[in-house]
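Undergrad: This is the structure, below, for whatever I ask next.
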Amino acid sequence: MTVRVITGQGVDACPDGFLALYEHSDYNLPNGGGRILLTDEAIPNLKAHDFNDQVSSVIKKIYNCSITLWTDTNYQGTTFPLQESISEYRTMTDFSKVDVKQNDTISSVQIKKW
Numbered sequence: 000m001t002v003r004v005i006t007g008q009g010v011d012a013c014p015d016g017f018l019a020l021y022e023h024s025d026y027n028l029p030n031g032g033g034r035i036l037l038t039d040e041a042i043p044n045l046k047a048h049d050f051n052d053q054v055s056s057v058i059k060k061i062y063n064c065s066i067t068l069w070t071d072t073n074y075q076g077t078t079f080p081l082q083e084s085i086s087e088y089r090t091m092t093d094f095s096k097v098d099v100k101q102n103d104t105i106s107s108v109q110i111k112k113w
């Protein structure tokens, strides 16, 4: 089980078997790079990794699990479930939640392996 924060950009910055949370939309590309949180485990509080309310795009290269992003710590608040068939979320608006602020609102990540 691993959680680490790196600096980088693009889809290829996410290795197989990990979920990548990018601090900027479009996988940090327009900004010339940025921080990326890589994880293969649940994180009840992103503040522990200095990534609370920082997520703007997501890459999912972890399989055989369900993944839900939450707006509050300890898996509370509004949910943003990642679909099994979708691996790239270029912006947080890709979740299409009407009337919900989506960018820079994620505080916990739940990963349930099958």
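Numbering (numbering that gives the first Met the number 0), first residue to last: 0 to 113. Ideal Cβ positions, reconstructed from N, Cα and C, are used throughout, including at glycine.
1. Using 8 Å as the threshold, is the C-beta distance between residue 33 and residue 22 below it?
2. Buried or exposed for residue 53, going by 16 or more other Cβ atoms inside 10 Å?
3. Please report the residue range of the beta strand (DSSP E) in which residue 4 lies.
4. Ordered along the chain, which non-local residues of its own chain (more than five positions away) have a Cβ less than 7 Å from that of residue 58?
5. Within 10 Å of its beta-carbon, does residue 69 have 16 or more other beta-carbons around it, so buried, or fewer, so exposed?
6. For the candidate residues 36, 61, 80, 73, whose alpha-carbon lies nearest to that of residue 67?
7. How far does the beta strand (DSSP E) with residue 64 in it extend, from its first residue to its last?
8. Could you name the residues of the same chain whose beta carbon sits closer than 6 Å to that of residue 74, not counting the 5 residues immediately before and after it, in chain order?
9. Evaluate residue 104 with the Cβ neighbour count: other Cβ atoms within 10 Å of its Cβ, from every protein chain shown; 16 or more gives buried, anything less gives exposed.
10. Quick check on DSSP: helix, strand or coil for residue 88?
11. Quick check on residue 10: does DSSP put it in helix, strand or coil?
12. In whole angstroms, give me the CA-to-CA distance for residue 82 and residue 61.
TA: On the basis of the coordinates in this document:
1. yes
2. buried
3. 2-7
4. 10, 13, 19, 26, 86, 87
5. buried
6. 80
7. 64-71
8. 107, 109
9. buried
10. strand
11. helix
12. 12 Å
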